[in-house]
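**Q** Numbering (this note's numbering), first residue to last: 201 to 414. Even glycine gets a Cβ: it sits at the ideal position worked out from N, Cα and C.
1. What are the start and end residues of the beta strand (DSSP E) that includes residue 311?
2. So, for residue 186: in the same chain, excluding its five sequence neighbours on each side, which residues have a beta-carbon less than 7 Å away from its beta-carbon?
3. What is the DSSP secondary structure of residue 206, reduced to helix, strand or coil?
4. According to DSSP, which residues form a beta bridge with residue 319?
5. List, from N- to C-terminal side, the alpha helix (DSSP H) runs of 4 residues or more that fit wholly inside the region 242–299.
6. On the three-pair Cβ rule with 8 Å, is the region 352–366 touching the region 380–399?
7. For the alpha helix (DSSP H) that residue 402 lies in, which residues bound it at each end?
8. Output the distance between the C-alpha atoms of residue 249 and residue 258, rounded to the nearest integer angstrom.
9. Since residue 227 and residue 255 are thought to touch, with beta carbons under 8 Å apart, how far apart are those beta carbons, to the nearest angstrom?
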């Protein structure tokens, strides 16, 4: 992963990194990306992992290595906790080159591909906005998107997991109108494509919102 052979003087540090990360392949790839991308040494990484929480220390290092566009994408994925395509990531973050940004995050081991959608591979120390604006924007975006593609229910249903996750998010922050509107725009597509589990979840969320609205 480093692109070269280990120097003899690095072997002790490499062994320490492997021990602190318990041989976890993903975390080892992330540790190597810190060395490659940030110019850190294996000794630097090994010393930082000597903390009580090696995974947390690595996460902080990984976050520090991300650029502005990468942070936007990882923050959104963390906030929504849903699989999103490059199309939706670009629309929701405003990142110009979503595909390039995703490719970089894949290389860092921060996101994983569930082609053609992506999820956060491991949590970072970033947090979304506390007032729910990201969720509200996502709800409005998906409501408009579903309405634009209402004649393509199969296409809508393929993003059903993400849409229901957004519904759950806006329900958690008690934005009841958004729950009802988004549910109304997606429920037919889920039913027509036999996405029974997601359809049930959407209907339950809509029912809860309707009751809250009286």
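**A** The relevant details are as follows:
1. 311–314
2. A question about residue 186 goes unanswered here, because the residues of the chain that appear run from 201 up to 414.
3. coil
4. 312
5. 242–248, 254–264, 268–280 and 286–293
6. yes
7. 396–413
8. 7 Å
9. 7 Å
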